[in-house]
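Colleague:
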Amino acid sequence: MKKLFMLACCFAAFNTALAADQIAARKEVFEQYKKTMSAMGQMVKGDTPFSQADFAKLAAHLDELAQQPWQYFGPGSDKGKTDARPEIWSQPAEFQSAIGKHKHAAQSLKQAATVARNIDDVKPAFIAIQQTCKSCHQQFRND
Numbered sequence: 019m020k021k022l023f024m025l026a027c028c029f030a031a032f033n034t035a036l037a038a039d040q041i042a043a044r045k046e047v048f049e050q051y052k053k054t055m056s057a058m059g060q061m062v063k064g065d066t067p068f069s070q071a072d073f074a075k076l077a078a079h080l081d082e083l084a085q086q087p088w089q090y091f092g093p094g095s096d097k098g099k100t101d102a103r104p105e106i107w108s109q110p111a112e113f114q115s116a117i118g119k120h121k122h123a124a125q126s127l128k129q130a131a132t133v134a135r136n137i138d139d140v141k142p143a144f145i146a147i148q149q150t151c152k153s154c155h156q157q158f159r160n161d
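For the sequence shown, my numbering gives the first residue as 19, with consecutive numbering after it.
(1) How many angstroms separate the CA atom of ASP81 from the CA atom of HIS155?
(2) At which residue ranges does the stretch 76-127 contain complete alpha helix (DSSP H) runs of 4 or more residues, listed in the order of the chain?
(3) Taking three-plus beta-carbon pairs below 8 Å as touching, is the stretch 95-115 in contact with the stretch 130-140?
(4) If you follow the alpha helix (DSSP H) that THR150 is in, where does it begin and where does it stop?
(5) Among residues of its own chain, excluding the 5 on either side of GLU105, which ones have a beta-carbon nearer than 6 Å to its beta-carbon?
(6) Does the ligand GTP have even one heavy atom less than 8 Å from the beta-carbon of GLN40?
(7) Under 6 Å Cβ to Cβ from ALA123, same chain only, skipping five residues before and after it: list those, please.
(8) Apart from the five residues on each side of it in sequence, which residues of its chain come closer than 7 Å, Cβ to Cβ, to ALA130?
(9) Could you name the residues of the same chain whose beta carbon sits closer than 7 Å to that of LEU83, not counting the 5 residues immediately before and after it, in chain order?
(10) My understanding is that LYS128 touches ALA77, with C-beta atoms under 8 Å, so please give their C-beta distance in whole angstroms.
(11) Measure the alpha-carbon distance for ILE41 versus ASP161 and round it to whole angstroms.
(12) Excluding the 5 residues flanking ALA43 on each side, which residues of the same chain have their C-beta closer than 6 Å to its C-beta?
(13) If you run the structure through DSSP and keep just helix, strand and coil, what is PHE68?
(14) Since THR132 contacts ALA74 with CB under 8 Å, what's their CB separation in whole angstroms?
In structure tokens, the structure reads:
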């Protein structure tokens with residue numbers, strides 16, 4: 019009986035640690051998102067000069083990031099220090115749909131950035147990806 023209890027305690031501790039690792043991992047990816055979006059946003063707003071090469075590099079990085087955080091929303095990672103709403107786990111089809119829209123927007127931004135001649139060529143795609151972020155946050159994040 020003691021062994022079973024100890025095994026259950028170890029399993030619970032392992033799951034808690036795993037969930038904390040998932041939360042930390044997705045927060046790290048989203049911090050990179052924020053920095054990348056901010057750098058592109060400064061160009062879009064005209065706060066920094068537009069550089070097609072720099073913008074394309076940032077857009078490619080964002081497209082890579084768009085593939086990463088979703089794997090860190092595993093079972094149990096709704097507990098702990100997180101802004102994720104329970105709807106992520108209770109409405110998985112809707113969450114997956116939002117992820118798909120975001121990935122598509124990231125790919126579109128990357129494509130627009132590779133052929134952009136000026137900032138106006140990337141603004142619509144940048145605004146579109148901002149909208150996917152906002153939409154997902156409204157439904158799935160406690161801001």
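Glycine is no exception: its CB is placed at the ideal position from the N, C-alpha and C atoms.
Modeller: Reading off the structure:
(1) So the two alpha carbons sit approximately 18 Å from each other.
(2) 105-108, all fully within the stretch 76-127.
(3) The stretch 95-115 is not in contact with the stretch 130-140.
(4) It spans 141-158 - the alpha helix (DSSP H) in which THR150 sits, taken as one unbroken run.
(5) For GLU105, where only same-chain residues beyond five positions count, the Cβ hits under 6 Å are PHE158.
(6) Ligands in the displayed structure: none, and consequently the ligand GTP is not present.
(7) For ALA123, where only same-chain residues beyond five positions count, the Cβ hits under 6 Å are ALA146, ILE147 and THR150.
(8) Scanning its chain for C-beta atoms nearer than 7 Å, with the 5 sequence neighbours on each side dropped, one finds around ALA130 the residues ASP139, VAL140 and ALA143, in chain order.
(9) Only VAL47, GLN50, TYR51 and THR54 meet the Cβ criterion.
(10) Contact between LYS128 and ALA77 holds, with the beta-carbon distance rounding to 5 Å and staying under 8 Å.
(11) The alpha-carbon atoms of ILE41 and ASP161 are separated by roughly 16 Å.
(12) Excluding the 5 residues flanking it on each side, ALA43 has same chain C-beta neighbours closer than 6 Å at TYR90, in chain order.
(13) Note: PHE68 maps to coil in three-state DSSP.
(14) Contact between THR132 and ALA74 is confirmed by a C-beta separation of about 5 Å, below the 8 Å threshold.
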